[in-house]
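Taken in order, the sequence shown gives residues 1333 to 1785; the numbers are from my numbering. The structure appears right after this line, and notes come after that.
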Amino acid sequence: MLQQGGSAVDGVIAALLCTSVVNPQSMGIGGGSIVTIRDRTGKVRVYNFRETVPRSYKTNLLEDCPKTFSMSSGSQWIGVPGELRGYEVLHKEFGRLPWNKLFEPTVKLAREGIPLPSYLEQFLGSALVRHRNHLKKGDILKYPKLAETMEAVGRLGAEEFYSGKIGRDLIEDIKEIGGTLMLDDLKGYKVRVEDALQVSLGDTLMHILHHQQGALCLPLFSRFVSPRSLDADQKIQLYHRYVEAAKFANGQKRNVCDPQFNNEKVNSVFINQIRALILNQTHDSTFYSSVTPPSDHFGTTHVSVLDENGLAVSATSTINQLFGGAIYSPRTGIILNNELADFCGRADSVKPGELTPSSMTPVVLETAPGGLLVIGGSGGSMITTAVALVTSLTLKFLFLLKDAIAAPIVFVDSRGNVNFEDGPLQEHRKQKCVNHFIKDFVVFQWLTFFFIS
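Written out as C-alpha cells, the structure reads:
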C-alpha cells in the first residue's frame, strides 16, 4: 500500500484486513482495536475502537466467568464490534488511497484461499472437512462468505456493516444462537479519540492510552533501568524491581478501565504513588492487590507502520481469546469476539456502552535526539511485559532492536509467578529473582515495530 502511494494508515488497515484471513484466531472485523497515531505535526492521539458492552446482555453475566484459565465460549460474551467503524474514522482523517483499494488484496486472498498453516491445522484440523476428509497443513483454506462481506464493505463502506444487510445478517446469526446483540448496538457504535498520555522517561517521551494496563505498566518498568554498567548486586535489584513493578501493574487492573464509568485514571501522580511502594523486598499477594486476580489469556495482533511523511501508526487488534468466543456467523463469514470475558476478575458489574478492559499497548516513543520508536505486541496478558522489556533494552541499554526482541521474556503472571521464556541466559536471570516464585513457561508473544534515529 505504501508503494502505491498510500499512507501509514492505509498500510495498517490493509495489513489488519489481511491478518484476519491469515490469523483468524487472533483478530478480525468481528473485533476491535486500539491505535496510537503520531501525525506529521508531532501530535499524538489514541483512537479506541475496542468492543463495548451491548445495551442488552445476560443477567449476572460475570457469574459465568471461569474460575481458572479457560476459553470463554458462547454468545453471552460478544461485545459490539468496533473494527470497521474505526477503520472508517482513520481512513477519513489519514487515508490517501480509495477505501475499496484497501480491501482488494484480502478479498482476493479470502476467495482464492491460503495454504493451511500448521497452527491452524492444530486449532481447526478436526473441524475443517472437504469431501469427507479433514484438511491438513498445506491444503487450501478458502473464506468465500468473508470474501463477499469484505467486498461489500469495500464497495459500500463501513455503514453496510453497521446498518446495512451485512449487519442485519450478522444479528440474525447471533440471535439464532441466543445472543443479545442488536442492530441498534451496531448503529450506535462510536469511536473514541483522545490525546495520548505523555510520560517522561528521562530523555524519552512515551505516548500511550490513559486507561489501559500498559499506561501503568510501561512507566513502572522503565523507571528501573539505566544505561550505566551495573555490578552484581545492582543487577539483582534491577530484576527484583522489574518483577515488583509487574506485580503492582497486575494488581491495579481493576483501576485501569473505561474512564466514562470509573473515576480512576492513570496519570503521573497515580504512577508515582505506585512507584513509591516498590521496595527492595517482596511481599504477600495482598500487598499488591486485595482482590482475586483475573486469569491470564492470549491473543491479539499488532502492526506498526511509519511512512515517508512522518505519520507513525501503532495498532493492536483483537477478537480476544483464540477464535473469540468460538462463534461464527455463517451468513457473513465473520468470527465474533468474546471481549466481555475481559471483565472477569476486573469488575463486579458491567454497564451498556462500557469499553472492555485490555492489556493492549500500542506505543509511540520519542527520544531527545529525534529518534522515534513505534512498537506494540500481541500475546494477551504478556503484551505489556514484552513491550516494556524490549523498549527498555533498546532505549536504555542500547540493544539493537532485533536483539532486544530476540531476548527471552521474563513474564510475571496475574498470580505473581515469575515465568521465564527458554533461552541461554534465563538460568542466570532466575538466580537474580530472589524470593519470587519461579516457573518455566512457553511464551506466546510477538512484537512489531518501526524505529528511526
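Where a beta carbon is used, it is the ideal one built from N, C-alpha and C, also for glycine.
Alpha-carbon spacing of residue i relative to residue j, whole angstroms
i, j, result
"K1519", "A1484", "17 Å"
"I1659", "F1729", "45 Å"
"I1645", "V1635", "Going by the sequence as given, residue 1645 is Val instead of Ile. One C-alpha to the other measures close to 8 Å."
"F1655", "G1374", "37 Å"
"E1395", "G1499", "29 Å"
"A1791", "D1639", "Since the first and last residues shown for the chain are 1333 and 1785, residue 1791 lies out of range."
"D1342", "L1672", "29 Å"
"M1692", "R1387", "24 Å"
"L1434", "M1333", "8 Å"
"H1572", "D1371", "38 Å"
"L1393", "S1405", "13 Å"
"I1503", "N1604", "46 Å"
"L1508", "V1696", "Before going on, a small fix: residue 1508 reads as Glu here, not Leu. Taking the straight line from one Cα to the other gives about 43 Å."
"T1699", "L1533", "9 Å"
"T1618", "L1732", "38 Å"
"A1346", "A1340", "10 Å"
"Q1758", "P1740", "The pLDDT assigned to Q1758 is 49, lower than 50, so where the model puts this residue is not dependable, and the model offers no usable value."
"G1470", "T1512", "38 Å"
"G1489", "S1365", "18 Å"
"A1720", "G1677", "23 Å"
"N1380", "W1431", "20 Å"
DSSP-derived helix/strand/coil call for residue i
i, result
"Y1379", "strand"
"L1757", "With a pLDDT of 49 at L1757, under the threshold of 50, the modelled position of that residue is not reliable, and the figure given next carries that caveat. If DSSP states are grouped into helix, strand and coil, L1757 belongs with coil."
"F1619", "helix"
"S1710", "strand"
"M1538", "strand"
"G1343", "helix"
"F1729", "coil"
"V1439", "helix"
"S1450", "helix"
"F1580", "helix"
"N1392", "coil"
"Y1521", "coil"
"R1607", "helix"
"I1659", "strand"
"T1614", "coil"
"I1361", "coil"
Neighbour-count burial assignment, residue i, 16 or more Cβ in a 10 Å radius
i, result
"V1775", "Because V1775 sits at a pLDDT of 45, beneath the cut-off of 50, its placement in the model cannot be relied upon, and the following sentence gives the value as read from the coordinates. By the 10 Å Cβ count, V1775 comes out buried."
"L1529", "buried"
"S1690", "buried"
"V1601", "exposed"
"D1735", "exposed"
"Y1451", "exposed"
"P1694", "buried"
"P1559", "For P1559, the predicted model reports a pLDDT of 48, less than 50, meaning its position is unreliable; a value from the coordinates is still stated below. So P1559 counts as exposed."
"H1615", "exposed"
Residue i: first and last residue of the uninterrupted beta strand (DSSP E) it sits in
i, result
"A1647", "1644-1650"
"F1743", "1742-1744"
"H1533", "A small fix is needed here, since residue 1533 is Leu in this sequence, not His. Segment 1529-1533, the beta strand (DSSP E) holding L1533."
"L1638", "1633-1638"
"L1697", "1695-1699"
"S1370", "The amino acid occupying residue 1370 in the given sequence is Arg; Ser does not appear at that position. 1364-1370 is the span of the beta strand (DSSP E), which, as asked, contains R1370."
"N1751", "1750-1752"
"I1667", "1666-1668"
Contacts around residue i, its chain only, beta-carbon distance under 6 Å, and the 5 residues preceding and following it disregarded
i, result
"D1442", "Looking at the sequence provided, one finds Ala at residue 1442 rather than Asp. The residues are V1353, Y1475, L1478, A1479."
"Q1763", "Since pLDDT at Q1763 reaches only 49, below the 50 mark, its modelled position is unreliable, and no value is offered."
"S1495", "K1519"
"L1429", "G1338, D1342"
Opening and closing residue of the alpha helix (DSSP H) in which residue i lies
i, result
"I1506", "1497-1508"
"Y1494", "1491-1494"
"L1416", "1415-1426"
"G1486", "1476-1488"
The ligand FMN heavy atom lying under 6 Å from the CB of residue i
i, result
"A1490", "Ligands in the displayed structure: none, and consequently the ligand FMN is not present."
Own chain partners of residue i with C-beta closer than 8 Å, once the 5 adjacent residues on each side are dropped
i, result
"I1361", "L1349, S1352, P1413, E1415, L1416, T1481, M1482, V1485, F1493, I1666"
"F1455", "Q1357, L1654, F1655"
"V1744", "V1575, A1578, K1579, N1582, T1717, V1750, N1751"
"P1662", "K1477, D1505"
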